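Read through the structure below, which is laid out as C-alpha cells, and then see the notes.
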DNA sequence: CTACATTGTTGTCCATGACAACATTCACGA
DNA sequence: TCGTGAATGTTGTCATGGACAACAATGTAG
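Written out as C-alpha cells, the structure is:
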C-alpha cells in the first residue's frame, strides 16, 4: 500500500520526464501526466519543481551532466594520442546529440529562464573537455598555437550544427558519418600547425 | 466599422504571430491571443491554420524564404570574387540567425510535423546558395574539388552551431564576430586546394 | 513529545486548443 | 440577375493543463 509520502518523488518525476521527453518531446510533457505515472496527486510535483520550466531546466542540466560523462568515457577509452581522442569525442558527441533530439533541443535552445546560471555552469563541463583536448593538440605541436577556447567553440559548434541538421531532417541520417568525418578532417587541416 | 469578413486574416495572423514569436517565443504563442489582436473571434484562425502547429510551420517556412532572400542579397552585394562572397554569406547568416532566436529554433528544431516536405523544400533554397558558392570556389581553383554538398553542409552546420551557442547564452555575443572569423578562416584553410 | 518543516492532497480558477453547429459573405455559372 | 455552394467568421462547448491556496499527513530536531 502506498505511503503518504512517496519517498523519492523528485527522482521518479525526473526519470518519467526523461522518458516522456524522449518519446513525445518537450511540448507534450505534462506535469499532471507525470504525476499520474508516479501515482501522486496532480499538485505534488509542485513541491519539487516550482513550475514546468523548472522541471525542463532540471532535465537540461542532467543532460549536460550525462553528456559530460559520455564524452569523458569516450576520451578515456581512446587512449593518449590526440587524433584518436579527437575522433572519439566528436563521434561520442554526435551519438549523444542524435539519439535524443528533444533533450538536445532543451539543452541548447534558448528556453532557459533568466536565472540559468546552473545550466550555463553545467554546460561548461563538456566545453572544458574540448578545450583541454585542443590544448593537448597544441602542446603536442599538432595544432597551431592560439586561442584554444575559440577553436574549441568552433569545433563544438560544427558538431552541434551537424546534429541539428540531422535531427531536423534537413540532412539524411545516412550522411551523418561521412559529414562528421569531413568536418573533423577539415578541422585538422584548418588548424594544423603550419 | 469592421466587415464580417476580415479580408486578409491569414496575412494579418502571420504578421502578428511573427511579432509574438520574436517577443515571447513559440511556447507563448497563442492562437486566441492572435485572434484578439486581429479583432476576430477565437475560432477564426482555424479557417486558415488547422491547428497551432500549422501556423508554426508556416512561420518557419516564411523564415526560410526570408533567409534565402537575405543571403541572396548579401551575395549579390559582395561582387564576384569568392572570398568576399564567402564572408558575406556567413555574416548575413549569422546576423539572421542571431537576430531572431525563436524563429531560428522554429526553423531548425525538429518541431515540424511529419508532413514537413514544404519546410524541407523551403530549406533547400538557402542550401542551394551555399552549394553554388562552394562550386564557384572549386571552379576557380581556390577550394579543393570534391563533394560540394558535403562541404556546404559542414560550413552551414558550423554557422548554425555558432548561432545556437550564442543564442543559448553559452557563448558571449561579443565573441561572435571573432568566432565567425575563425570559423571561416578554418574552413578556407581546411578546404583549400593543396 | 511537541513544534515546525517537508511533502502530498483536494479543490479551484483560468487560459488554451480543438471541435461542432450555425451565420454571413463571396463568386461563379445558369 | 439570381441563387447556390464554397469560403470565411462566430458562438458555444469540452477537455487538458498549469498555477495557486488551504489543508492533511508525515518526518525531524530540540
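Protein chains in written order, with the UniProt record's numbering: chain A, 1 to 194; chain B, 1 to 194. Note that the Cβ used here is the ideal one computed from N, Cα and C, for glycine as well. Because the structure is a prediction, the values reported are computed rather than measured.
Residue 34 of chain A sits away from residue 60 of chain A, with the two beta carbons spaced by 8 Å or more. At least one C-beta of chain B is nearer than 8 Å to the C-beta of residue 109 of chain A. Going by DSSP, residue 38 of chain A is part of the alpha helix (DSSP H) stretching over 31-38. In the three-state reduction of the DSSP assignment, residue 170 of chain B falls in the coil class, being assigned neither a helical nor a strand state. Secondary structure at residue 22 of chain B: helix, using DSSP grouped into helix, strand and coil. Put simply, the CB of residue 18 of chain B is far from chain A, with every gap to its CB atoms at 8 Å or more. In its chain, beyond the 5 residues on either side, 9, 35 have a beta carbon closer than 7 Å to the beta carbon of residue 44 of chain B. When C-beta atoms of the segment 151-160 of chain B are compared with those of the segment 61-79 of chain B, fewer than three pairs fall below 8 Å, so the two segments do not count as touching.
The Cβ-Cβ distance between residue 150 of chain B and residue 178 of chain A falls below 8 Å. Close CB contacts of residue 93 of chain A within its chain, under the 7 Å cut and outside five residues either way in sequence, are with 71, 159 (chain order). Distance between residue 142 of chain A and residue 102 of chain A, taken at the CA atoms: about 36 Å. Assigned with DSSP and collapsed to three states, residue 193 of chain B falls in coil, not helix or strand. A Cβ of chain A is located within less than 8 Å of the beta carbon of residue 191 of chain B. Only 167, 168, 169, 170, 171, 178, 179, 182, 183, 186, 187, 189, 190, 191 from the segment 167-194 of chain A bring a Cβ to less than 7 Å from some Cβ of chain B.
Residue 63 of chain B is outside the set of residues whose beta carbon lies under 8 Å from a beta carbon in chain A.
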